[in-house]
Each structure stands twice: as C-alpha cells, then as structure tokens.
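Q: First, the structure itself, so that you have it in front of you.
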Amino acid sequence: MPVEGNTANETVAMDKAPSVRHDSKQRLEEPQASDPSRDMTADAPSPGQMVQVRRRQFIVQDVLAASMKWAPEATPQHCVKLSSIEDGTLGEELEVVWEIEPGARILHGAAQLPDPSGLDAPDRFDAFLDAVRWGAIDSGDPDVLQSPFRAGIQIEDYQLDPVARALRMPRVNLLIADDVGLGKTIEAGLVVEEMMLRHRVRTVLVITPASVQTQWREQMRDKFGLEFRIVDTELLRDLRRRRGVRTNPWTHFPRLIVSIDFLKREENMRRLREVLPQQPTYPRPFDLMIVDEAHNVAPARHSRYSVDTDRTRAIRTLQPHFEHRLFLTATPHNGFRDSWSSLLALLDDQRFAPNVP
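Quick note on numbering: the sequence shown equals residues 0 to 356 in numbering that gives the first Met the number 0.
Here you go:
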C-alpha cells in the first residue's frame, strides 16, 4: 500500500539517520593530523644533541623537566637550554619550553655517519682534500694565518704584526699604538677572528668612546662577519621586556660593545659584579677585553701624583677577569711617567706596576 510504502521508507530513513549522525560525530572527534614539523618533538632532546629552533641550529646544553603539570592529563613540559653553533651567533644562549616551541625539531641525521655506497671520482676527492687542507688551522703553528683570507679587507703588511705577535703569546697583552688612520680597528679585528678560529677566544668585550660604538659594530660585521651587540639603555629596555627584569646584559651574548662612560656608572658596574667572581679564578670567566682610545682610562695627573678616575677603576675591576687584553691608542703617553706605568699595569700587571720605572 502507498501509505505502508511511505511508512516503510520513512522507517528505513529513520533507521539510517542515527548511523549517519553517529558517523559525523565520529569524524568530528577524530584527532587531526599532526604537523609534520613536529613529528620529531614527541620527546624532549638530550644534552649534546643538535636541534633546530627558530630556523637556527643549536646544541642542547641542559634539559630541565617541570616539577608539576598544568593539568593532570597534560604532557610534561621541559625547559631546554641551547647554545647556538651558527657563525653569526656562535655561542648565543637561548632557553625554550620544548613542547610549545613552534617548529622545534631534533636533527637526528646530524649525528649519523653517511652510509658509504661507493668511491668518489679522483678529481672530486682531490677537491675535497684541498678544501679540508685550506680550511684547517694548526693551533701549534703561529706562522699560518687564516683571518686575513677570511676577512673582506685589503691588508697592509704592518697590520699583520699584531696578530702574528698575539699568536706567539700564551696570554695576549698588546698595546697597539699606531697613528691615527692606520687601521687599529682592522688590526684588532684580525686578532679577534684569528683567536676565535683557533678556539682560544669565545667571549669578547670592546670598550670604546660612545661616538665610535656603531662604527665598531659595523666594521666587525661587514669586514669580519662577526656580530657584536651594543650594551646601552635601549638594549637594557629590550632585554627586560623580552626576558624579564632580572636579565643581566653582560651574559646574554658572547660579543659585546660598551662605551666607557656607560660602563663606569654604578648601576652598570653592579650588574657586572654580579657575574664576576669575588676573586680571580682560572680559567678566567671572560676571554678578550679590547679598550679603544686606551689613553682615556689612564690615571689623571693631579699635582705630583696620578689619581684613578672612574674610568680607571672600571677597567681595574674588569682586568683580572679577562684572559687576554688588547689596548688601542694613538697617544699612549701623556708626558707623565707614573700615569704611563699605571696604564701599562692595567694591560699586564705581571710585568708592570704603577710608579715603578
């Protein structure tokens, strides 16, 4: 009957409707496909592993697990301390929460050896050996220099003398007293890059007059490929906003530039003393200190005696905690012997002493 037929059709439709609605509910409740970039982040990395975070490569220094969860069913979170291994930011440290850091992944393949499948062609193998030989640095041979060939500069012969002398010194203590315009910044950059290539220097602090801070940063970046950061009020404000009010600017990056007048302020010296040991320790906590226009930090002459200025006291506080020191000035001697000997004592307190000929 038509009525029965319609009823039957409605019954069939009603019988099928719940199953359709149930299937739709099942499809909505199914977990979505995971992000391919997060496939390797299920587990936190281990110290020593190479990872990629924010499109840069880092080495994992330490992994700290959270002591409590934000929800009972939540995955435990880990604070991962990282150290950059890229040329431009070598040594820069970063801390991230691994489980919520977007795009973070472990570079498993970086620690695996390639699977040999055959022999290279002789010309290709010769090219590989040449590249290895040209890029290798013998730390025991001070006559082999690499920094002049890796810098984008045209070098004069006399500019190689400071870096050649530095390599022969177990602890670099040099006063470069070239005349104005002869390239003392270039000579200092050659020393910094050569010492970094030989892994004798990692942390560098450049102390300059405020007027040449930007010039130093641009010279190091454009001519030597070394990224430096200027420690000033703007940097302090930015670090506090991004990392918290207790962030210490003296440890946030391995290569820093600061003006001597900004450094000598009491609040800045206080932050610096927080990262310095009370007594000099071995090895030193910092590697290389460069003082540009070093005559500005010499003791001032008053009457018959030389008196330490705020600039002198700031350098005297830093001096014992740096392994290497490099002073640059075109006018090293101000005409007073005691002031000159005090300046040399700031450079090398093992060989010189104030008021001693």
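Every residue gets a Cβ at the ideal spot worked out from N, C-alpha and C, and that includes glycine.
If I'm right that I84 touches Q48 with Cβ under 8 Å, what's the distance once you round it to whole angstroms?
A: That pair is no contact at about 12 Å.
Q: Just to confirm my understanding: we take M167, look at its own chain, exclude 5 residues before and 5 after, and list those with CB closer than 8 Å. What are they?
A: The amino acid at residue 167 is misidentified as Met; the sequence shows Arg. The residues are P141.
Q: Can you confirm whether R164, when its beta carbon is compared against all beta carbons of chain D, has any partner nearer than 8 Å?
A: In the structure shown, chain D cannot be found, because there is only a single protein chain.
Q: Using a threshold of 8 Å, state whether the C-beta atoms of V79 and P44 are closer than that.
A: yes
Q: Cα-Cα, which of D177, L144, Q153 is closest to A165?
A: L144
Q: In this structure, does DSSP put L325 in helix, strand or coil?
A: strand
Q: For the alpha helix (DSSP H) that contains S146, what are its first and last residues?
A: Where S146 is concerned, the enclosing alpha helix (DSSP H) starts and stops at 146-149.
Q: How about P218 and G188: do their beta carbons lie closer than 8 Å?
A: The residue you asked about is not Pro; residue 218 is Gln in the sequence shown. For Q218 and G188, yes; Cβs fall inside 8 Å.
Q: If I measure Cβ to Cβ from Q76 and keep anything under 6 Å in the same chain, skipping five residues before and after, which residues do I get?
A: A65, V96, E98
Q: Between R324 and V131, what straight-line distance do the alpha-carbon atoms span, to the nearest angstrom?
A: 32 Å
Q: Assuming V190 and P161 make a contact with CB atoms under 8 Å, what is their CB distance in whole Å?
A: P161 and V190 do touch by the CB rule: their CB atoms are close to 6 Å apart, below 8 Å.
Q: Give the straight-line distance between the Cα atoms of P353 and S340, rounded to the nearest whole angstrom.
A: Distance between the alpha carbons of P353 and S340: 5 Å.
Q: Would I229 pass as a contact of R216 if the rule is Cβ separation under 8 Å?
A: For the pair I229 and R216, the CB atoms are nearer than the 8 Å cut-off.
Q: Considering only their Cβ atoms, is the gap separating T202 from D286 smaller than 8 Å?
A: yes
Q: Within the present structure, is the beta-carbon of T311 separated from the nearest heavy atom of the ligand MG by less than 7 Å?
A: For the structure depicted, the ligand MG is absent and the ligand set is empty, with no information on it obtainable.
Q: Looking at the unbroken alpha helix (DSSP H) that takes in N295, where does it start and where does it end?
A: Per DSSP, N295 belongs to no alpha helix (DSSP H) and is neither H nor E.
Q: Figure out for me which residue from T330, Q318, V52 has the closest Cα to the Cα of L204.
A: L204 has its Cα closest to that of Q318, out of T330, Q318, V52.
Q: Candidates E292, P248, A103, E92: which alpha carbon is nearest L234's?
A: Ranking the options by Cα distance to L234, first place goes to P248.
Q: Using alpha carbons as the reference points, say which of D129, N295, E186, T330 lies closest to K222.
A: E186
Q: Please determine if the region 285-299 and the region 206-216 are in contact, where contact requires at least 3 C-beta pairs separated by less than 8 Å.
A: Result yes; three or more Cβ-Cβ pairs closer than 8 Å.
Q: Short of 7 Å in beta carbon distance, which residues of its chain neighbour P46, apart from the five on each side in sequence? Order them along the chain.
A: V59, Q60, D61, V62
Q: Please report the Cβ distance between R220 and I259, rounded to the nearest whole angstrom; I am assuming they are in contact, meaning their Cβ atoms lie under 8 Å.
A: Not a contact, Cβ separation roughly 21 Å.
Q: When we look at the beta-carbon of E273 and count the other beta-carbons within 10 Å, is it buried (16 or more) or exposed?
A: exposed
Q: What's the C-alpha gap between G151 and T213?
A: 18 Å
Q: Is it buried or exposed, A126, if we count other Cβ atoms within 10 angstroms and call 16 or more buried?
A: exposed
Q: Given that a residue counts as buried once 16 or more other Cβ atoms are within 10 Å of its Cβ, and exposed if not, what is P356?
A: exposed
Q: S338 to I289, Cα distance in whole Å?
A: Whole-angstrom Cα-Cα distance: 20 Å.
Q: Excluding the five sequence neighbours on either side, which residues of its own chain have a C-beta within less than 6 Å of the C-beta of I175, listed in chain order?
A: P161, K183, E186, L327
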